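Okay, structure first, notes after.
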Amino acid sequence: MTNVEPDLATVPETVGAAGAPHQIHVELGDRGNHRVPAGEPDGVIELANLEVFYDKFLAVSGVDMLFGSKEITALIGPSGCGKSTVLRCLNRMNDLVPGAHVFGDVRFHGVDMYGPGVDVIEVRRRIGMVFQKPNPFPKSIYDNVAYGPRVTGMKTDNMDDVVEQALHGAALWDEVKDKLKQSAFGLSGGQQQRLCIARTIATSPEVILMDEPCSALDPIATAKIEDLMVDLAKTYTIIIVTHNMQQAARVSHRTAFFTAAADEHGQRTGRLVEFDNTGKIFGNPADQRTEAYITGRFG
Amino acid sequence: MTTATLTRANPLTGGRRRDGIASAVFAGLLWLCLALICVFLFFMLAVIVQKGVARLDLNLITKQPSKIRPETAGVQSALLGTLWVGGITALIAMPLGIAAAVYLEEYANPAKWWNRAIELNIQNLAAVPAVIYGILTLGFIVRGPVSIGAVVMAGGVALALLILPVIIITTREALRSVPREIRDGSLALGATQWQTTWRQVLPAAVPGIATGSILAMSRAIGEAAPLILVGATTFVTFNPDGVLSKYTTLPVQIYNLVPQDRQAFRDLAYAAILLLIVVLLAMNAVAIWLRNRYQRRW
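These protein sequences, in sequence, are chains A and B. So for the first sequence, the working numbering puts the first residue at 1; every next one is plus one. So for the second sequence, the working numbering puts the first residue at 300; every next one is plus one.
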């Protein structure tokens, strides 16, 4: 099947939580992601009864999920629904938040990620992360990419090759090959974000977490990152938090919809509402709340 | 309808006259404050230059002080004493201060009461008069348990204690200005906290740390009070030759020269003040240079 690239300039990019109250026409698999997985995925990360507290505040509760290998899983939902919190549990970045406590099971290939003897450094090397705002280090492009392999003590024959491979992998090599020694701050926002992706894949992770990776980018840069995600999914498992439902529909295989419900004390706790194939979520959601959200009537 | 809209007062200028006057008065006040400071500074500099420039010659830095011939005497021992004491101060205060700041900013848990207590105390220490540090050093280093006497090392310790709080506070500011995203990005790649601090946070904070430390050093170099207490001798005609040597410094020398009754001593004092200003300007220039050099790398 041939893919016709949509004219990106005309695709509205920012219909998010506060989208207009009308049916959003979502073209599934715009980015060439037609492989809708059948049945249970081959799990890489498994969540069972996940609960996250920030001090005494229960931020997320009762999340059970299975993230499939070499799939793109999108986490969507209104602000404050806990999707970023869930994402940050997956490489223990929540450890850095004072007062954060994670309960329940987070398993990586069946191993309890929060169990005794687990090396957080190894967790983060295997499960990389790309942030909302491009955050290159104040170093050269080369040193940005080489940083991960260097600090984790990766055995490399030739760092130049590692850097080149990673930059190729992030579709950035052709744009920066002549200025590897220049500051990463000279790149555009979209290039910086692809540099951050290159930096992440340089440590050869298995999973890449992306926390709204395109929210600070223009539509053209966003399109490049989305294309890149589809490419990366051939090698890596990708889990992405996004406010852009069309992005979730375009790139992901599976979509999880979260929302926040207030308890009797008015505390809002995030919950997983529905988790299914992206086509099902956007075409025929099982839960009323999911339908309300994706059609823009709620959130 | 159209005419009604047209005859209304211009909505873009209406009702803001008082605001305009208030901000003009405020701007005028600010300008006045600035002018006052500038006039004061200029006057001070003009007097010093006018009185000191005659003796700002090579003798000033090549000759030793003299009680008999102030016309051709210099302050070489004081200049070298200042450099020696300044060097010792930097060697003690900078590593200690930066390390303490890194601990407080990157490692300490602010929720623990003892860390908050330390923080509060450091801020208070920055406001303690310099003389108190002189007394402390006199009691513990010059005499008392250590008893090394009135030597370069003791002067360095007194000044290091004096500027430690300032260095800690400015270094913490510099570390705090490094964006959280840099730390997250490094940790998310599997770097340890130590690697993140050493390879990302500290290099990114170097301009701020260097500026703060050098400004603190400038303060130390200009101090006379604590050094008089720890026994910087007022009349020294030999150069310091080590950390256990007797010494004097420029501010102490100036303090000694000013009240002398012969005009030639006072001229020498003004020249020494100019020399001290030159040393301080040179240090500030280094601070600016360091800041620019490291910022260009970004």
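Quick reminder that beta carbons are idealized off the backbone N, C-alpha and C, glycines included. All values derive from a computational prediction rather than experimental measurement.
Quiz item: What's the C-alpha gap between residue 134/A and residue 189/A?
Solution: Near 7 Å, if we compare the C-alpha coordinates of residue 189/A and residue 134/A.
Quiz item: If you measure from the beta carbon of residue 125/A to each beta carbon in chain B, is any gap under 7 Å?
Solution: So, interface residue.
Quiz prompt | residue 73/A - DSSP class collapsed to helix/strand/coil | solution = DSSP places residue 73/A in strand when its eight states are reduced to three.
Quiz item: Between residue 375/B and the rest of its own chain, which residues show a CB-CB distance below 7 Å, the 5 nearest in sequence each way excluded?
Solution: In chain order, 360, 361, 362, 363 and 538 place their CB closer than 7 Å to the CB of residue 375/B, counting only its own chain and leaving out the 5 sequence neighbours on each side.
Practice problem: Assign residue 263/B to one of two classes, buried (16 or more other C-beta atoms within 10 Å of its C-beta) or exposed (fewer than that). | Solution: No statement about residue 263/B is possible, as the shown extent of chain B runs from 300 to 597 and does not include it.
Practice problem: Report yes if the CB atom of residue 586/B is closer than 7 Å to the CB atom of residue 510/B, and no otherwise. | Solution: Their beta carbons are under 7 Å apart, which means residue 586/B touches residue 510/B by this criterion.
Practice problem: Out of 236/A, 53/A and 251/A, point me to the one whose CA is closest to residue 242/A's CA. | Solution: For the residues 236/A, 53/A and 251/A, the minimum Cα distance to residue 242/A belongs to 251/A.
Quiz prompt | Alpha carbon of residue 479/B to alpha carbon of residue 200/A, nearest angstrom | solution = Whole-angstrom Cα-Cα distance: 18 Å.
Practice problem: Check whether the Cβ atoms of residue 454/B and residue 121/A sit closer than 7 Å, and answer yes or no. | Solution: No; because the gap between Cβ atoms is not below 7 Å, this pair is not in contact.
Quiz item: Between residue 593/B and chain A, is there a C-beta pair that is closer than 7 Å?
Solution: By this cut-off, residue 593/B is not an interface position.
Self-check item: Pair within 7 Å by beta-carbon distance, residue 570/B and residue 525/B
Solution: It is not a contact, given that the beta carbons lie outside the stated cut-off.
Quiz prompt | DSSP-derived helix/strand/coil call for residue 239/A | solution = Looking at residue 239/A - three-state DSSP - the assignment turns out to be strand.
Quiz item: Taking only beta-carbon atoms, is residue 488/B less than 7 Å away from chain A?
Solution: Under the 7 Å criterion on CB atoms, residue 488/B is classed as interfacial with respect to chain A.
Practice problem: Would you identify the three-state DSSP class for residue 233/A, choosing helix, strand or coil? | Solution: In the structure shown, the three-state DSSP call for residue 233/A is coil.
Quiz item: In terms of residue numbering, what span does the alpha helix (DSSP H) encompassing residue 483/B cover?
Solution: For residue 483/B, the enclosing alpha helix (DSSP H) begins and ends at 479-487.
Self-check item: Members of the stretch 127-139 of chain A near chain B, C-beta cut-off 7 Å
Solution: So the list reads 128, 129, 131, 133, 135, 137 and 138, given in the order they occur along the chain.
Quiz item: Taking Cβ positions only, does residue 208/A come closer than 7 Å to chain B?
Solution: So no, residue 208/A is outside the interface.
Self-check item: 7 Å Cβ cutoff met for residue 288/A and residue 215/A
Solution: No; because the gap between Cβ atoms is not below 7 Å, this pair is not in contact.
Exercise. Just the C-alpha distance for residue 576/B and residue 327/B, rounded to the nearest angstrom, thanks.
Key: Spanning the two alpha carbons is a distance of roughly 31 Å.
Self-check item: Nearest candidate by alpha-carbon position, reference residue 127/A, set 564/B, 369/B, 486/B and 443/B
Solution: Among 564/B, 369/B, 486/B and 443/B, the Cα nearest to that of residue 127/A belongs to 486/B.
Quiz item: Mind pulling the chain B residues with CB within less than 7 Å of residue 199/A?
Solution: The answer, in chain order, is 488.
Practice problem: Return helix, strand or coil for residue 92/A, following the three-state DSSP convention. | Solution: When secondary structure is reduced to three states using DSSP, residue 92/A falls in the coil class, being assigned neither helix nor strand.
Quiz item: Any beta-carbon of chain A closer than 7 Å to the one on residue 494/B?
Solution: Yes, because at least one Cβ of chain A sits closer than 7 Å to the Cβ of residue 494/B.
Exercise. Would you mind stating whether residue 239/A and residue 195/A have Cβ atoms separated by less than 7 Å?
Key: No, the Cβ-Cβ distance between residue 239/A and residue 195/A is not below 7 Å.
Quiz item: For residue 279/B, which beta-bridge partners are listed by DSSP?
Solution: A query on residue 279/B cannot be resolved here, the shown segment of chain B reaching from 300 to 597 and no further.
Quiz prompt | CB contact check: residue 151/A to chain B, cutoff 7 Å | solution = Chain B, which has a Cβ nearer than 7 Å to the Cβ of residue 151/A, makes this yes.
Quiz prompt | Interface partners of residue 91/A on chain B, CB under 7 Å | solution = Within 7 Å Cβ-Cβ: 487.
Quiz item: To the nearest whole angstrom, what separates the beta carbons of residue 94/A and residue 124/A, a pair I think is in contact under 8 Å?
Solution: Actually they do not touch by this definition, with Cβ atoms about 12 Å apart.
Quiz item: What does residue 148/A touch in chain B if you count any residue whose Cβ is under 7 Å from its own?
Solution: Those within 7 Å of residue 148/A in chain B are 488 and 489.
Quiz item: Of the choices 45/A, 178/A and 198/A, whose alpha-carbon is the least far from that of residue 144/A?
Solution: Across the set 45/A, 178/A and 198/A, the C-alpha of 198/A shows the shortest separation from the C-alpha of residue 144/A.
Exercise. Using alpha carbons as the reference points, say which of 148/A, 141/A, 290/A and 206/A lies closest to residue 174/A.
Key: The candidate whose alpha carbon is nearest that of residue 174/A is 141/A.
Exercise. Answer yes if the stretch 259-270 of chain A comes into contact with the stretch 157-166 of chain A, meaning at least three C-beta pairs across the two stretches below 8 Å, and no otherwise.
Key: Note that the stretch 157-166 of chain A does not touch the stretch 259-270 of chain A; fewer than 3 beta-carbon pairs, one per stretch, sit closer than 8 Å.
Self-check item: Euclidean distance between Cα positions of residue 448/B and residue 462/B
Solution: Taking the straight line joining both Cα atoms gives about 22 Å.
Quiz item: For residue 514/B, which option in 323/B, 388/B and 356/B has the closest C-alpha, if you only look at C-alpha atoms?
Solution: The option with the nearest alpha carbon to residue 514/B is 388/B.
Quiz item: For chain B, is any of its Cβ atoms less than 7 Å away from the one on residue 121/A?
Solution: Contacts with chain B at 7 Å (Cβ-Cβ) include residue 121/A.
Exercise. May I ask which residues mark the beginning and end of the alpha helix (DSSP H) holding residue 123/A?
Key: First-last of the alpha helix (DSSP H) with residue 123/A: 120-126.
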